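The opening residue of the sequence shown carries number 2 in this note's numbering; numbering runs sequentially from there. Where a beta carbon is used, it is the ideal one built from N, C-alpha and C, also for glycine. None of the values given here were measured: they were computed from a predicted structure. Step one of this worksheet: look at the structure below.
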Amino acid sequence: MDKRLQLFWDELITQCEQRNTFEFLFKIESWGILWTPWFIYANDASLQFTANDISESDLKRLVDLKMIVLVEEIAPVDPLDLKIEKYQIKQHG
């Protein structure tokens, strides 16, 4: 795991622990042509990260490392939502 992914992982664990949960949502929204920001939510709070270039591939790497698991793909209701995925942290503490 590289330093950037380790930093993301550490911040994700810390913020989830602060919210007493080990589940989070990864959401991609469409805000216009070529503008699709992502958000990570835990207990309805948007999480903030030092690295601002986190992507779906980072989550896939954490899945491959068996640190998180994809729990559910949620069908978007809001027309701005492109993708919503629910993950659970498997390794923590």
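When you compare only the Cα positions, how much space is there between residue i and residue j?
i	j	result
Arg62	Phe50	17 Å
Ile144	Ile69	No answer is possible for residue 144: it lies beyond the span of the chain, which begins at 2 and ends at 94.
Gln7	Val64	14 Å
Gly33	Ser47	21 Å
Trp10	Asp54	13 Å
Lys91	Thr22	12 Å
Glu86	Val72	8 Å
Ser31	Asp45	19 Å
Glu18	Glu12	10 Å
Glu57	Met2	15 Å
Asp79	Gln16	26 Å
Output yes or no for whether 8 Å exceeds the beta carbon distance between residue i and residue j.
i	j	result
Tyr88	Leu60	yes
Ala43	Arg20	yes
Which term fits residue i, buried or exposed, when burial requires 16 or more other beta carbons within 10 angstroms of its beta carbon?
i	result
Lys28	buried
Leu81	exposed
Phe40	exposed
Ile75	exposed
Leu26	buried
In this structure, what does DSSP give as the bridge partners for residue i?
i	result
Asp82	Glu30
Ser47	Tyr42
Phe23	Answer by DSSP bridge pairing: none, since Phe23 is not bridged.
Gln89	Glu24 and Val70
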